[in-house]
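The working numbering puts the first residue of the sequence shown at 3, with every later residue one more than the last. Yeah, the Cβ is synthetic: ideal placement off N, Cα and C, and Gly gets one too. Have a look at the structure below before the remarks.
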Amino acid sequence: MKKHTGLLLIILLLTTTLSAQNDWSIFRGNQQLTASVNTDLSLPMQLVASFQTDDEVKASPVIKDGIIYCGSTDGNMYAIDFEGNEKWSFTADNVIEAPALLLDGKVIFGSMSGTFYCLNQSDGSLIWQYETDNQIVGSANWTTVNGKTILAVGSYDFFLHGVDLETGEGLWKYESSNYINGAPALYKNAVAFGGCDGFLHLVNLETGEADQMIELSTYMAASPAIVDNIVYVGDYEGDLFAVNLDTGNPVWYYTDEEMNLPFIASPAVSEDYIVLGNDGRNLFCFNRENGTLVWNKRLSNRINSSSVIANDKVITPTMDGMLFVHQLETGDELWSYEVGSEMVSSPAFYDGKVIVGANDGRIYIFGNN
């Protein structure tokens, strides 16, 4: 009996350990881009390790199987471990600002020349590349239809491109009327993205055609987030919209009539709350159901990086190099750390650790020892 009990305890411990290793294999942590996990963040954190690149790190890191993948404006995609050691690097044709997507053993990302790359995750070798006609600054998303995995990535050439994961073949191109800046969020077999043309586009990934085109206002630089059938997206005039993707009708929207400062950051969405910062140093928390303002905190500088929610805590970098953690329900500040360099890279959260890039060219890893 004792032998069985001990074996059961070992299995339980292994299961708990493995379940704690949540991958952050796509920008914002999941295909709906909600950047919210039901995992505790222990405080205070310390700087555990870092990795120095040769130029600014504007891309957001992604993580799988204990390896961090992140591009730099030095033109390299890096794979590093949590001790800050380089596993491999790949030199692209230009600056990399787009976050990578990790899928089926591949690292997929775009460059500022408009090249869309697919690398082998294990060694960084090139599998294929696909050319768009302008820069790519947003992450790709994906779905599988009839056994074929289709990647969707936006470009400044005004097109959302559908690309075959296995071959790199272009399957279709969906044309908007302006730049596509952010990442698309997955809804069923379609993706939603806010364009710089002022429309929220819902594009079927099988056909490459629009299921919905919803005019909201001015251009949207941020990526949307989706919970159930509601998409949340901010715009450049400081409006935040909640839109029903089945009907195309707004559920609610928030506007600050006094300030009208841009939401460049993407929303982080939990079960009850939406958190995002604006260009006027304000970090907002809204009720997800009705859009009422729960709290508003003025931070040390502009917020162009997108927050992450870890259970009951909110992680937010700022443009003066501060990394903050606030209480989700109240907005109370719980912890801060001065990196000392601008951060537009959005943090990733993995196994209780926070990973973020900064404009000093360094990738920072914070944790609790």
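Practice item. Examine the Cβ distances between the region 183 to 201 and the region 155 to 164 and report whether three or more of them are shorter than 8 angstroms. Key: yes
Review point. Can you tell me whether Pro-46 is buried or exposed, with buried defined as 16 or more other CB within 10 angstroms of its CB?
Key: exposed
Point to revise | Between the CA atoms of Ile-276 and Glu-335 - distance to the nearest angstrom | key: 17 angstroms
Review point. Can you round the beta-carbon distance between Asn-180 and Thr-145 to whole angstroms, since I take them to be within the 8 angstroms contact cut?
Key: At roughly 25 angstroms, the Cβ-Cβ gap does not stay under 8 angstroms, so Asn-180 and Thr-145 are not in contact.
Practice item. Put Gly-196 into one of helix, strand or coil per three-state DSSP. Key: strand
**Study point:** Contiguous beta strand (DSSP E) assignments of at least 3 residues, all confined to the region 143 to 196
**Key:** 143 to 147, 150 to 156, 161 to 166, 172 to 177, 187 to 189, 192 to 196
**Study point:** Contiguous alpha helix (DSSP H) assignments of at least 4 residues, all confined to the region 20 to 46
**Key:** none
Exercise for review: Below 7 angstroms CB to CB, which residues in the same chain sit around Asp-25 once its five sequence neighbours on both sides are set aside?
Suggested key: Ile-65, Lys-66
Exercise for review: Check whether the region 301 to 314 touches the region 250 to 269, counting contact only when three or more Cβ pairs, one atom from each stretch, lie closer than 8 angstroms.
Suggested key: yes
Review point. So what's Val-233 in DSSP terms, helix, strand or just coil?
Key: strand
Review point. How would you label Val-147, buried or exposed, when you count the other beta carbons within 10 angstroms and need 16 or more for buried?
Key: exposed
Review point. How many angstroms separate the CA atom of His-203 from the CA atom of Thr-209?
Key: 14 angstroms
Practice item. Return yes when the Cβ of Gly-240 is within less than 9 angstroms of the Cβ of Asn-298, no when it is not. Key: no
**Study point:** Nearest neighbour of Asp-42, chosen from Arg-290, Gly-354, Thr-169 [CA to CA]
**Key:** Gly-354
Review point. Looking only at C-alpha atoms, which of His-163, Gly-68, Val-341, Asn-370 sits nearest to Gln-123?
Key: Gly-68
**Study point:** Candidates Glu-133, Phe-201, Ala-185, Gly-149, of which the one nearest Trp-174 by Cα
**Key:** Glu-133
Practice item. Can you have a look at Ser-225 and say buried or exposed, based on whether 16 or more other CB atoms are within 10 angstroms of its CB? Key: buried
Check your understanding: Run through DSSP, which three-state label would Met-215 get?
Key -> strand
Practice item. For Val-356, collect the residues of the same chain with a Cβ closer than 6 angstroms to its Cβ; drop the 5 residues on either side in sequence, then sort them by chain order. Key: Ile-317, Pro-349, Phe-368
Point to revise | Beta carbon of Ala-81 nearer than 9 angstroms to that of Gly-112 | key: no
Exercise for review: Would you list the residues sitting across from Val-356 in a DSSP beta bridge?
Suggested key: Phe-351, Phe-368
**Study point:** Beta-carbon gap between Ile-182 and Asp-166 smaller than 9 angstroms
**Key:** no
Check your understanding: Around the C-beta of Gly-107, are 16 or more other C-beta atoms found within 10 angstroms, so that it is buried, or is it exposed?
Key -> exposed
Exercise for review: Take Asn-361 as the anchor and find which of Asn-32, Phe-29, Gln-54, Val-39 has the nearest alpha-carbon.
Suggested key: Gln-54
Exercise for review: Report buried or exposed for Asn-313, applying the criterion of at least 16 other Cβ atoms within 10 angstroms of its Cβ.
Suggested key: exposed
**Study point:** Buried/exposed call for Tyr-234, threshold 16 Cβ in 10 Å
**Key:** buried
Review point. If you draw a straight line from the C-alpha of Ala-22 to the C-alpha of Val-39, how long is it?
Key: Summary for Ala-22: the model assigns pLDDT 40, below 50, so the residue's position carries little reliability; its value from the coordinates is reported in the next sentence. Looking at the two C-alpha atoms, the distance is approximately 11 angstroms.
**Study point:** Helix, strand or coil at Lys-66 according to DSSP, with G and I counted as helix
**Key:** strand
Check your understanding: When burial is assigned at 16 or more other CB atoms within 10 Å of the CB, is Ile-365 buried or exposed?
Key -> buried
Check your understanding: For Glu-335, which of helix, strand or coil comes out of DSSP?
Key -> strand
Review point. For Val-271, which beta-bridge partners are listed by DSSP?
Key: Ile-276
**Study point:** Cross-strand partners of Gln-131 (DSSP beta bridge)
**Key:** Tyr-119
Exercise for review: Sort Ser-62, Thr-257, Ile-70 by Cα distance to Gly-86 and report the nearest one.
Suggested key: Ile-70
Check your understanding: Taking C-alpha atoms, which residue in Asn-96, Gly-149, Leu-103 lies nearest to Asp-57?
Key -> Asn-96
Check your understanding: Among Asp-135, Pro-186, Gln-137, Tyr-119, which has the Cα closest to the Cα of Glu-168?
Key -> Tyr-119
Check your understanding: Going by the beta-carbon positions, is the gap between Tyr-238 and Ala-223 smaller than 9 angstroms?
Key -> yes
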